[in-house]
Amino acid sequence: MAEVIVALDVASGEAVELLLDRLPAARWVKLGSVLMTREGPALVRALAARGLQVFLDLKWHDIPNTVAGAVAAARELGVSMATVHLVGGAAMLRAAAAERGPGLGLVGVTVLTSHDASSYARVMGREAVEIEAEVARLAATAIPSGLQGVVCSPHEAAAVRTIIGPEAWLIVPGIRGRDDTPGDQSRVAS
Numbered sequence: 001m002a003e004v005i006v007a008l009d010v011a012s013g014e015a016v017e018l019l020l021d022r023l024p025a026a027r028w029v030k031l032g033s034v035l036m037t038r039e040g041p042a043l044v045r046a047l048a049a050r051g052l053q054v055f056l057d058l059k060w061h062d063i064p065n066t067v068a069g070a071v072a073a074a075r076e077l078g079v080s081m082a083t084v085h086l087v088g089g090a091a092m093l094r095a096a097a098a099e100r101g102p103g104l105g106l107v108g109v110t111v112l113t114s115h116d117a118s119s120y121a122r123v124m125g126r127e128a129v130e131i132e133a134e135v136a137r138l139a140a141t142a143i144p145s146g147l148q149g150v151v152c153s154p155h156e157a158a159a160v161r162t163i164i165g166p167e168a169w170l171i172v173p174g175i176r177g178r179d180d181t182p183g184d185q186s187r188v189a190s
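Here the sequence shown stands for residues 1 to 190, numbered as in our numbering.
Dropping the structure here:
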């Protein structure tokens, strides 16, 4: 069953409280790097104390030992799901998975939804790149490395589902209302 994850893309802990008061049925919330930097672990603890499942979206990508330490810290905070960047490689992913414990799921980020083919090709130092192929290549490393799922845009979701299987978690950001502007995201759906 698909679940909605409420993105806490607001400026403060107080704004989080106001938003959540308007969404009493919310079960999952996503905490990104801006709000985490401002409010820190205390906000994670407060969200977990409200009975919410906390999705910590920090897209860790570092040496294996550092990422493993971050995963252990997230587990100790009561985080339910966190992101690692699949370009970190199998050793980093395995080290992260070894530290997650039973209550924390890890999902691998493929290609950021802010990239289109042209911008991603420039980042990768190539003349051209097929985003779908790159997402598929990265997604194929997630489950064998011990992760529980993958993050990809709505454009690649069906293909990724066939790669990771029916039981793995598939997180699809970039779902917008029909009249919403895409902001800085390139690969979105309504």
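In this text, a Cβ means the ideal position worked out from N, Cα and C, and glycines have one as well.
Continuous alpha helix (DSSP H) assignments of at least 4 residues falling wholly in the region 84 to 152
With a minimum length of 4 residues, the continuous alpha helix (DSSP H) runs that stay inside the region 84 to 152 are 90 to 99, 117 to 124, 131 to 142.
Taking C-alpha atoms, which residue in V84, P173, P166, A95 lies nearest to H155?
Ranking V84, P173, P166, A95 by Cα distance to H155 puts P173 first.
Need the endpoints of the beta strand (DSSP E) that L56 sits in, please.
Boundaries of the beta strand (DSSP E) harbouring L56: 53 to 60, taken from the DSSP string.
Determine the direct distance from the alpha carbon of V87 to that of L31, and round the result to whole angstroms.
Looking at the two C-alpha atoms, the distance is approximately 21 Å.
Residues that DSSP places opposite A7 in a beta bridge
Paired residue(s): K30.
Decide if the region 98 to 116 is in contact with the region 75 to 89; the criterion is three or more beta carbon pairs, one per stretch, under 8 Å apart.
Yes, since at least three Cβ pairs between the region 98 to 116 and the region 75 to 89 fall closer than 8 Å, the two stretches touch.
Among V67, L77, A128, M124, the one whose alpha carbon lies nearest that of P98
Reading off the sequence shown, one finds Ala at residue 98, where the question assumed Pro. In terms of CA proximity to A98, V67 leads the group V67, L77, A128, M124.
What is the rounded straight-line gap between the Cα of G13 and the Cα of V135?
C-alpha separation (whole angstroms): 34 Å.
Taking contact to mean at least 3 C-beta pairs separated by less than 8 Å, is the region 137 to 147 in contact with the region 117 to 129?
At 8 Å Cβ cutoff, the stretches do not touch.
Assuming I171 is part of the beta strand (DSSP E), what are its boundary residues?
169 to 171 is the extent of the beta strand (DSSP E) around I171.
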